[in-house]
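Protein chains in written order, with the numbering used here: chain A, 1 to 137; chain B, 1001 to 1161.
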Amino acid sequence: MTGVRLPDEIRPVMESGIPLVLSTCSKDGEPNVAVISQAYYVDAEHVALSYQFFSKTIRNVRENPRATLCLHDIWNARRFVLGLLYDRSETEGEVFERMSLEIEAIASATGMSGIFKLRSADIYRVTSVECLPCLPA
Amino acid sequence: MAIPGVILRFLERASIAYAATRDRHLTPHFHWVCGWIREPEPQFLTFFVAEPFTERLLRNVAECPRLALTIEHIGPHETYQFKGDFAGTRATGAAERAAFEACRERFVRDVQQIDTRHNFASRTLELYLGQPSLAVRIAVQEVFLQTPGPGAGRRLAPPEP
């Protein structure tokens, strides 16, 4: 079965280095919103987010797998809002190694080498894609 | 719960914010926030939502009043998350417009200071921030530290036992 696919135009937005915003919800119904540094393109139907520290976001997606990710496309005055479903965590393999390397490079550049260690690459299935233009009031 | 004074003062230097609600299926939803304003009563805070995010926010809070609002000072990454209940909306007037313009000025300044890669023009960033379409009032019940680093996620108010 073919699921929702990410449009090609979203890849440069994901790779722009601009922080993203992840919304989650606990099993008790408490919403949470947090800034994350990067999302990784896995394939047209999946993205990966890094798990470095245990946080409310991590706890929430393990209780309730639904999440919403906002990506900023400032050049084109629009936002991509992705509906996500947490699928699995990977602690080895190509995606994990690629994310681990990038995180270590960022940490090294900011004098924090070894502190921001990747615990897992959390893989999410994309369930919806909205492209929302910045509108006047 | 009264928002502590140190957090109220933070609101005067912060430069970006995001809100989240959830629907009856526990699906979280993101809402773009383009500014905020302190309220005379320190247990309340009002934030401005830009289009096209107002309709879903109003639909969700009608089902569940819980709101999360994260506010960050871009640059030092000082960040706090406010959690509480939806406490109504109002039209934006002169006071809200002035607060929004101050937030917009800080947003543009702070993004341009931290960005060494994209060189966004001020007008591009102003367009991206958008305009307030709705002023949403939140009755704040908890404030969490969300600045990256040790202590992130700790509840600041009311203090943890």
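No residue lacks a Cβ here, since even glycine has one placed at the ideal position from N, Cα and C.
- Comparing alpha-carbon positions, the option among B/A1095, B/A1050, B/A1139 lying closest to A/R78 turns out to be B/A1050.
- B/Q1113 is classed as exposed because its beta carbon has fewer than 16 other beta carbons within 10 Å across all chains shown.
- Listed along the chain, the chain A residues whose CB falls inside 7 Å of the CB of B/H1029 are S23, T68.
- Interface annotation, A/L132: in contact with chain B, CB-CB separation under 8 Å.
- Residues of chain B whose Cβ lies closer than 9 Å to the Cβ of A/E30 are, in chain order, R1022, R1066, A1068, K1083.
- Distance from the CA of A/L135 to the CA of A/F54, rounded to the nearest whole angstrom, comes to 36 Å.
- Residue environment for A/K27: exposed (fewer than 16 other C-beta atoms within 10 angstroms of its C-beta).
- Straight-line spacing of the CA atoms in B/I1074 and B/I1016 works out to 7 Å.
- According to DSSP, residue pairing for A/P31 in a beta bridge involves A/C25.
- Bridge partners of A/P133 according to DSSP: A/R78.
- Residue state for B/F1086 is assigned as strand, using DSSP reduced to three classes.
- In summary, the residues of the stretch 1006-1019 of chain B whose CB is separated from some CB of chain A by less than 8 Å are Y1018, A1019, in the order they occur in the chain.
- Looking at the backbone, the Cα of B/L1127 and that of B/Y1018 are separated by about 17 Å.
- Minimum Cα-Cα distance from B/L1069 among the listed residues B/N1060, B/H1077, B/K1083 corresponds to B/K1083.
- Residue range 1094-1114 is occupied by the alpha helix (DSSP H) that includes B/A1102, with no beta strand (DSSP E) assigned at that position.
- Counting the other CB atoms within 10 Å of its CB gives B/W1036 a total of 16 or more, which places it among the buried residues.
- For A/R119, no chain B residue has a C-beta closer than 7 Å to its own C-beta; the minimum C-beta separation is roughly 15 Å.
- Beyond the five residues adjoining it in sequence on each side, B/P1004 comes within less than 6 Å, by CB distance, of A1157 in the same chain, given in chain order.
- Residues of chain A whose Cβ lies closer than 7 Å to the Cβ of B/Q1146 are, in chain order, A34.
- At the C-beta level, A/A44 and A/L20 stay beyond 8 Å of one another.
- Under the 8 Å Cβ criterion, the stretch 120-134 of chain A counts as touching the stretch 81-91 of chain A, having at least three qualifying pairs.
- For the pair B/T1027 and A/C70, the Cα-to-Cα distance works out to about 14 Å.
- Neighbours of B/F1120 across chain A, judged by C-beta separation under 9 Å: I74, W75.
- In this structure, the beta-carbon distance from B/A1095 to B/Q1043 does not fall below 8 Å.
- For A/L135, the chain B residues whose C-beta falls within less than 9 Å of its own C-beta are A1050, E1051, P1052, G1130, Q1131, S1133, listed in chain order.
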